[in-house]
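Position 204, counted from 1, in the sequence shown is what this note's numbering calls 204; the numbers after and before it change by one each time, with no gaps.
Ideal Cβ placement from N, Cα and C applies to all residues, glycine included.
Below is one structure, written out as structure tokens; comments come after it.
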Amino acid sequence: MTTLLHISDPHFGTEQPPVVDALLQLVREQPPDQVILSGDVTQRARRAQFSAARRFIDDVGAPRTLVIPGNHDIPLFNVVARLFAPYAGFIEAFGAELEPVAESPQCLVIALNTTRARRHKHGEVSAQQVERVADRLKAALQGQLRIVVVHQPVAVIREEDEVNLLRGHGDAIARWSSAGADLVLGGHIHLPYVLALHERVKGLARRTWAVQAGTAVSRRVRQGAPNSVNLIRWGDGLPPARCVVERWDYAAQAGGFAKVHETALATGWVDR
Numbered sequence: 001m002t003t004l005l006h007i008s009d010p011h012f013g014t015e016q017p018p019v020v021d022a023l024l025q026l027v028r029e030q031p032p033d034q035v036i037l038s039g040d041v042t043q044r045a046r047r048a049q050f051s052a053a054r055r056f057i058d059d060v061g062a063p064r065t066l067v068i069p070g071n072h073d074i075p076l077f078n079v080v081a082r083l084f085a086p087y088a089g090f091i092e093a094f095g096a097e098l099e100p101v102a103e104s105p106q107c108l109v110i111a112l113n114t115t116r117a118r119r120h121k122h123g124e125v126s127a128q129q130v131e132r133v134a135d136r137l138k139a140a141l142q143g144q145l146r147i148v149v150v151h152q153p154v155a156v157i158r159e160e161d162e163v164n165l166l167r168g169h170g171d172a173i174a175r176w177s178s179a180g181a182d183l184v185l186g187g188h189i190h191l192p193y194v195l196a197l198h199e200r201v202k203g204l205a206r207r208t209w210a211v212q213a214g215t216a217v218s219r220r221v222r223q224g225a226p227n228s229v230n231l232i233r234w235g236d237g238l239p240p241a242r243c244v245v246e247r248w249d250y251a252a253q254a255g256g257f258a259k260v261h262e263t264a265l266a267t268g269w270v271d272r
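Put into structure tokens, the structure is as follows:
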């Protein structure tokens with residue numbers, strides 16, 4: 001079985017040391033084959049914050065790690081850096097590839113940079129990005145779980161979060177689903193949930209799921225949503241064409257992360 005750890009919005013610079021330690025303990029108890037960090041690595045894109053995030057990823061020690069920037073990983077107050085070198089800190093910590101792809105016989109993970117230096121927080125996916133991802137999805141191997149990673153959500157469950165939707169998400173969902181996407185991972189709004197896009201978007205012929213992660217370790221939690229991460233399991237030991245998304249929340253009294261919800265997701269074409 002393949003296990004993916006999906007974390008988002010750690011906002012290093014606002015991290016809580018006990019929660020960081022608890023997440024590292026979870027990793028030791030549930031070692032992932034790959035870590036996916038879907039943006040907002042830091043609070044204010046400062047070098048010390050990127051360094052702390054890099055140390056955390058090194059401490060996790062997963063065989064594969066995929067990290068994308070979020071809007072907080074672009075300088076906000078340093079206008080010159082924002083205009084001329086918006087990703088310098090991110091690149092120094094995690095390398096020059098802002099749209100990494102990770103592939104194994106079990107999984108294909110395609111990540112996109114949906115931040116834009118000209119925007120404050122709103123994300124965007126271009127037509128070129130949509131098509132590039134669709135082409136890569138079509139070339140996936142049989143049996144691979146096909147995952148797209150963005151920062152801003154492609155679907156929301158609260159009306160107040162609609163302003164945070166990824167610009168261009170409608171066309172992206174339609175193209176990626178028809179090309180074979182199983183999961184679209186995101187963060188940004190610090191609210192964990194799983195949504196069946198094929199039940200919300202008319203015309204989708206393939207089961208495609210939006211999987212959102214909460215904030216992993218930051219004190220910037222939303223009301224009713226503690227620090228949380230997702231473990232995604234796929235492959236041997238599970239029924240064919242099914243993956244499992246487990247939500248693990250931090251419980252302060254217990255001093256650790258505990259599994260609070262498990263969702264079994266069917267993949268493949270929708271029966272009509």
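A distance below 9 Å separates the beta carbons of G89 and R47. In the structure shown, A45 adopts coil according to DSSP, grouped into three states. Straight through space, the alpha carbons of R132 and A181 are spaced by roughly 13 Å.
It is roughly 31 Å from the alpha-carbon of Q212 to the alpha-carbon of F84. The region 12–23 and the region 245–255 touch, with no fewer than 3 CB-CB distances between them shorter than 8 Å. The beta-bridge partner set that DSSP reports for R118 is empty. Burial is judged here by how many other beta carbons sit within 10 angstroms of a residue's own beta carbon; D171 has fewer than 16 and is exposed.
A distance below 9 Å separates the beta carbons of I74 and A45. When C-alpha distances from N227 are compared across E15, L4, M1, the shortest belongs to E15. Listed in chain order, the non-local C-beta contacts of V201 below 6 Å within the same chain comprise I173, local neighbours out to five positions each way being set aside. Taking C-alpha positions only, S126 is separated from G168 by approximately 7 Å. Taking 9 Å as the cut-off, the Cβ atoms of L191 and A225 count as close. Counting only the Cα atoms, L166 lies some 14 Å from I157. Membership of E97 in any beta strand (DSSP E) is not indicated, and neither H nor E is assigned to it by DSSP. The residue among A93, L197, V150 with its C-alpha nearest the C-alpha of D58 is A93. Residues of the same chain with a CB within less than 7 Å of the CB of R220, apart from the 5 flanking positions on each side, are H11, T14, H190 in chain order. Buried is the label assigned to P153, since at least 16 other Cβ atoms lie within 10 Å of its Cβ. Shown here for P86: same chain residues with a beta carbon closer than 6 Å to its own, the five before and five after excluded, namely I74, A117 in chain order. Of the other Cβ atoms in all chains shown, 16 or more fall within 10 Å of the Cβ of R247; this residue is therefore buried. The C-beta of A216 has 16 or more other C-beta atoms within 10 Å across all chains shown, which makes the residue buried.
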